[in-house]
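Participant: Structure in structure tokens, see below.
Residue numbers (this note's numbering), protein chains in the order written: chain A, 74 to 379; chain B, 6 to 387.
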């Protein structure tokens with residue numbers, strides 16, 4: 074096990090983490106501000122990826138596709154908020170889960186109906202398709218570094234948005250006291266739509282970028298959604314800072330666990346057994362992490378409403 | 006008026022009698038296959054290949070009923086019951102995925118209905134749970150992996166590294182590969198089923214001292230992996246089974262698939278007359294290249310049609326006997342069944358190359374292994 078391999082795996086963990094952050098930040102904002110559990114968040118990720126792949130296929134440009142994907146996801150978010158989500162704020166969480174689960178099914182079948190069930194094809198743009206040398210002699214894909222960079226930019230952007238702008242002030246106010254900001258004359262309906270669309274747009278951004286690395290197919294959002302929920306539970310529901318720390322933690326622990334646990338078991342098992350057992354335990358690792366953190370910090374690392 | 010009514014009733018009765026008589030000789034085939042969801046292109050191709058053969062035979066006494074199992078075992082099971090109890094089908098076919106086959110086949114054959122598999126070939130059905138009414142036209146699941154093991158050994162690769170998802174078909178695939186590769190492998194990496202990001206595994210493969218990679222990642226997993234593999238610029242020859250390299254998947258993977266070699270029991274450029282005619286008529290009928298699944302559907306139908314020329318499924322003994330003979334023109338050239346009703350067949354190696362239209366396509370390279378038979382036949386007491 075060389076140092077350069079460890080470094081490369083850390084980068085992989087960071088990249089997974091930043092991608093999870095894009096998903097989790099929207100999810101946690103929506104929960105923090107509106108008190109809504111949105112299972113359909115993964116659908117916006119899928120919408121972003123499909124629209125990007127489709128537009129990039131039509132125009133030949135990844136960048137046009139990326140912009141279209143993000144805008145389409147945000148617009149879908151706004152429409153869904155207006156038509157469905159708006160009716161759920163006052164209902165209890167079980168109703169919200171039921172309704173947003175229905176949205177997952179509707180989005181999945183709708184996408185299948187529109188694009189067919191064969192996976193779509195989206196390539197990494199030419200400029201970013203190479204790889205760069207890492208210290209220690211191995212190479213790392215440029216596109217994954219760019220994803221890390223975008224994740225950092227979004228984190229900084231969200232921080233500035235929430236701490237420095239009027240919109241951010243309203244979001245924070247909404248988190249601490251929903252009735253009061255309504256009473257103070259803030260158009261709460263509009264605020265909710267904007268926050269929801271912002272979250273959907275970030276999920277779309279994640280889907281658009283990841284779509285270039287993976288196959289763009291129906292149901293691609295759900296595995297990511299589960300991880301994003303783990304992230305916001307670890308980070309503390311409603312907290313952007315918690316989402317960032319939680320996402321990086323989950324990304325790094327998951328990646329390193331997948332690689333180093335089987336090697337660890339190989340010290341005292343045969344290769345085939347160690348691979349099987351190691352892989353099985355690695356897939357549980359983040360849930361063990363979540364359980365441990367919740368045992369000591371029941372509200373997560375950075376609970377918003379403490 | 007009354008006479009007219011009686012006359013009409015008589016006509017009605019006699020016409021229903023005629024149709025009853027015809028029905029006694031007609032054959033009803035129930036096809037349960039995957040037409041929706043992520044694996045649907047497999048089922049669509051199987052169905053299209055099957056129906057093409059039935060149409061070409063020009064027989065109007067054969068009726069094929071097709072239903073979608075949505076890749077769900079419980080749906081497949083209830084469709085099978087419906088076919089057998091309500092529609093009284095003479096035989097069932099069509100299932101793509103092994104877990105669905107395990108849910109449907111044992112009950113079907115026990116109730117005395119024939120099941121002819123166009124794809125799924127789980128080890129249990131080839132071995133301890135084999136049955137006289139169960140025939141598999143495609144392969145036992147390990148065949149293609151084992152053939153690749155034999156091929157890579159023969160080609161002189163000494164340090165392969167293996168990659169598969171951690172579920173029964175994944176561990177079976179690697180076991181099948183190792184059985185015929187016979188030597189030590191560098192490492193075996195298991196991923197989660199449905200995993201989409203392989204950066205960590207690719208880094209591990211790069212840092213190992215392997216000289217080749219064998220992987221089994223069916224469906225979307227394979228697409229994700231191949232794209233990320235290309236982006237990582239690891240320079241290592243890639244091998245797999247046909248499941249990760251059908252014509253639909255490699256089009257989605259794009260240029261990243263080029264150069265990969267895969268084992269298959271069939272190739273569209275396999276040189277025999279039946280196959281040439283099949284590929285041409287399939288392209289004409291559906292305007293796309295046939296896949297292995299289409300070829301298997303076509304063969305399955307032709308096996309059944311050839312058997313129907315000599316016997317009717319209601320005479321189980323006789324029908325079983327003519328099925329065993331497998332006296333039909335296969336697109337794979339020679340075709341015969343082993344003692345457990347699974348094929349003994351040649352497996353070929355194909356390479357993904359850039360086709361005339363610039364899109365990746367498979368080209369036949371040569372023979373991987375001759376007359377391969379699964380190891381489970383020994384456990385089969387029929």
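Cβ atoms here follow ideal geometry from the backbone N, Cα and C, with glycine treated the same way.
Since the structure is predicted, the reported quantities are computational estimates derived from the model, not experimental observations.
Our contact map puts residue 207 of chain A next to residue 80 of chain A with C-beta atoms below 8 angstroms; I'd like the distance itself, whole angstroms only.
Facilitator: Counting from 1 along the first chain, the entry for residue 207 of chain A is found at position 134. Counting from 1 along the first chain, the entry for residue 80 of chain A is found at position 7. Indeed, because the Cβ distance is near 6 angstroms, the residues count as touching under 8 angstroms.
Participant: Exposed or buried, which one is residue 299 of chain A when buried takes at least 16 other CB atoms within 10 Å?
Facilitator: If you number the first chain from 1, residue 299 of chain A lands on position 226. That one is exposed.
Participant: Please check if any C-beta of chain B sits within less than 7 angstroms of the C-beta of residue 344 of chain A.
Facilitator: As a first step, residue 344 of chain A must be located in the first chain, where it is residue number 271. Chain B contact via Cβ: present.
Participant: Any chance the region 203 to 223 of chain B sits against the region 332 to 348 of chain B, with 3 or more Cβ pairs inside 8 angstroms?
Facilitator: At 8 angstroms Cβ cutoff, the stretches do not touch.
Participant: So who's on the other strand from residue 335 of chain B, going by DSSP bridges?
Facilitator: Position 330 of the second chain, counted from the first residue, corresponds to residue 335 of chain B. Bridge partners of residue 335 of chain B: B:338.
Participant: Kindly indicate which three-state DSSP category residue 64 of chain B falls into: helix, strand or coil?
Facilitator: Position 59 of the second chain, counting from 1, holds the residue named residue 64 of chain B. Correct three-state label for residue 64 of chain B: coil.
Participant: Assuming residue 32 of chain B and residue 95 of chain B make a contact with CB atoms under 8 angstroms, what is their CB distance in whole Å?
Facilitator: Counting from one through the second chain, the residue named residue 32 of chain B turns up at place 27. Counting from one through the second chain, the residue named residue 95 of chain B turns up at place 90. Right, the Cβ-Cβ distance comes to about 5 angstroms (below 8 angstroms), so this counts as a contact.
Participant: Which residues in the same chain as residue 114 of chain B place their Cβ atom closer than 7 angstroms to its Cβ, once the five residues preceding and following it in sequence are excluded?
Facilitator: Along the second chain, one-based indexing puts residue 114 of chain B at 109. For residue 114 of chain B, where only same-chain residues beyond five positions count, the Cβ hits under 7 angstroms are 120, 136, 138 and 139.
Participant: Counting only Cβ pairs nearer than 7 angstroms, list the residues of chain B close to residue 384 of chain A.
Facilitator: No answer is possible for residue 384 of chain A: the residues shown for chain A start at 74 and end at 379.
Participant: Output, in chain order, the set of chain A residues within a Cβ distance shorter than 9 angstroms of residue 171 of chain B.
Facilitator: Translated into the one-based positions of the second chain, residue 171 of chain B becomes position 166. Going along chain A in sequence order, the residues near residue 171 of chain B (Cβ under 9 angstroms) are 348, 349, 352, 353 and 356.
Participant: For residue 328 of chain A, I'd like the list of residues in its chain whose CB is within less than 7 angstroms of its CB, leaving aside the five on either flank, ordered along the chain.
Facilitator: For the purposes of this step, residue 328 of chain A is identified with residue 255 of the first chain, where counting begins at 1. So the qualifying residues of the chain are 82, 85, 86 and 89.
Participant: Is residue 192 of chain B helix, strand or coil by DSSP?
Facilitator: Translated into the one-based positions of the second chain, residue 192 of chain B becomes position 187. If DSSP states are grouped into helix, strand and coil, residue 192 of chain B belongs with the strands.
Participant: Report buried or exposed for residue 345 of chain B, applying the criterion of at least 16 other Cβ atoms within 10 angstroms of its Cβ.
Facilitator: Here the question's residue 345 of chain B lines up with position 340 in the second chain. When all chains shown are included, residue 345 of chain B counts as buried.
Participant: Any beta carbon from chain A within less than 7 angstroms of residue 163 of chain B's own beta carbon?
Facilitator: Here the question's residue 163 of chain B lines up with position 158 in the second chain. No, its Cβ sits nowhere closer than 7 angstroms to a Cβ of chain A.
Participant: Which chain A residues sit within Cβ distance under 8 angstroms of residue 176 of chain B?
Facilitator: Position 171 of the second chain, counted from the first residue, corresponds to residue 176 of chain B. Result: 349.
Participant: At 3 residues or longer, and completely inside the region 77 to 115 of chain B: list those beta strand (DSSP E) runs for me, N to C.
Facilitator: Qualifying beta strand (DSSP E) stretches, in chain order: 96 to 98.
Participant: Which one of B:230, B:146, B:378 and B:212 has the shortest CA to CA distance from residue 198 of chain B?
Facilitator: Here residue 198 of chain B refers to the residue found at position 193 of the second chain. Answer by Cα proximity: B:230.
Participant: Where does residue 145 of chain B sit, in a helix, a strand or coil, going by DSSP?
Facilitator: If you number the second chain from 1, residue 145 of chain B lands on position 140. Reduced to three states, the DSSP call for residue 145 of chain B is coil.
Participant: Below 6 angstroms, is the gap between the Cβ of residue 222 of chain B and the nearest heavy atom of the ligand ATP?
Facilitator: Absence of the ligand ATP is noted for the structure shown, with no ligands found whatsoever.
Participant: To which residues does DSSP link residue 368 of chain B through a beta bridge?
Facilitator: Working through the second chain from its first residue, we reach residue 368 of chain B at position 363. B:356, per the DSSP bridge assignment.
Participant: Taking CB distances under 7 angstroms as the criterion, tell me whether residue 85 of chain A reaches chain C.
Facilitator: Included in the structure are the protein chains A and B, with no chain C among them.
Participant: CB-CB under 6 angstroms to residue 133 of chain B, same chain, minus the five flanking residues each way: which ones, in chain order?
Facilitator: The residue you call residue 133 of chain B lines up with position 128 of the second chain. So the list reads 384, once near-sequence residues are dropped.
Participant: Short check: CB of residue 308 of chain A to CB of residue 319 of chain A, under 7 angstroms?
Facilitator: Numbered from its first residue, the first chain carries residue 308 of chain A at position 235. Numbered from its first residue, the first chain carries residue 319 of chain A at position 246. Yes, the Cβ-Cβ distance between residue 308 of chain A and residue 319 of chain A is below 7 angstroms.
Participant: Ignore the nearest five residues each way along the sequence and tell me which others in residue 14 of chain B's own chain have a CB closer than 7 angstroms to its CB.
Facilitator: The sequence position of residue 14 of chain B within the second chain is 9, counting from 1. Per-residue confidence for residue 14 of chain B stands at a pLDDT of 49, beneath the threshold of 50, marking its modelled position as unreliable; the derived number appears in the next sentence. Taken in chain order, the list of residues that qualify is empty.
Participant: How about residue 412 of chain B: is its C-beta nearer than 7 angstroms to some C-beta of chain A?
Facilitator: A question about residue 412 of chain B goes unanswered here, because the residues of chain B that appear run from 6 up to 387.
Participant: For the putative contact between residue 39 of chain B and residue 74 of chain B, defined by C-beta atoms under 8 angstroms, what is the C-beta separation to the nearest angstrom?
Facilitator: Residue 39 of chain B sits at position 34 when you count from the first residue of the second chain. Residue 74 of chain B sits at position 69 when you count from the first residue of the second chain. Yes, residue 39 of chain B and residue 74 of chain B are in contact; Cβ-Cβ is about 6 angstroms, under 8 angstroms.
Participant: Output needed for residue 93 of chain A: all residues of its chain with C-beta closer than 7 angstroms, excluding positions within five of it in sequence on either side, in chain order.
Facilitator: Here residue 93 of chain A refers to the residue found at position 20 when the first chain is read from its first residue. These residues qualify, in order along the chain: 300, 301, 304, 320, 323 and 324.
Participant: Need the endpoints of the alpha helix (DSSP H) that residue 263 of chain B sits in, please.
Facilitator: Along the second chain, one-based indexing puts residue 263 of chain B at 258. No alpha helix (DSSP H) contains residue 263 of chain B, which DSSP labels as neither H nor E.
Participant: Let me know if residue 262 of chain A comes out buried or exposed under the rule of 16 or more other beta-carbons within 10 Å of its beta-carbon.
Facilitator: Within the first chain, numbered from 1, the residue matching residue 262 of chain A stands at position 189. Under this definition residue 262 of chain A is an exposed residue.
Participant: For the alpha helix (DSSP H) containing residue 380 of chain B, name the first residue and the last one.
Facilitator: Start at 1 with the first residue of the second chain, and residue 380 of chain B comes out as number 375. No alpha helix (DSSP H) contains residue 380 of chain B, which DSSP labels as neither H nor E.
Participant: Would residue 274 of chain B pass as a contact of residue 369 of chain B if the rule is Cβ separation under 7 angstroms?
Facilitator: As a first step, residue 274 of chain B is located in the second chain; it is residue number 269 there, counting from the start. As a first step, residue 369 of chain B is located in the second chain; it is residue number 364 there, counting from the start. The answer is yes: Cβ separation under 7 angstroms.
Participant: For the region 162 to 243 of chain A, which segments carrying the beta strand (DSSP E) assignment without a break, of at least 3 residues, lie completely within its bounds, in sequence order?
Facilitator: Whole beta strand (DSSP E) segments, 3+ residues: 204 to 206 and 212 to 214.
Participant: Would residue 144 of chain B pass as an interface residue toward chain A - the criterion being a Cβ-Cβ separation below 7 angstroms?
Facilitator: Working through the second chain from its first residue, we reach residue 144 of chain B at position 139. So, not an interface residue.
Participant: What residue from A:232, A:221, A:294 and A:183 has the CA that sits closest to residue 91 of chain A's CA?
Facilitator: Locating residue 91 of chain A in the first chain gives position 18, where the first residue counts as 1. Closest option to residue 91 of chain A, Cα to Cα, is A:221.
Participant: Could you spell out where the alpha helix (DSSP H) holding residue 306 of chain A opens and where it closes?
Facilitator: By 1-based counting over the first chain, the position of residue 306 of chain A is 233. Here the alpha helix (DSSP H) through residue 306 of chain A covers 294 to 308.
Participant: Could you pull out every residue in the same chain whose Cβ sits closer than 8 angstroms to the Cβ of residue 237 of chain A, ignoring the five residues on either side in sequence?
Facilitator: By one-based count along the first chain, residue 237 of chain A stands at place 164. Contacts found: none.
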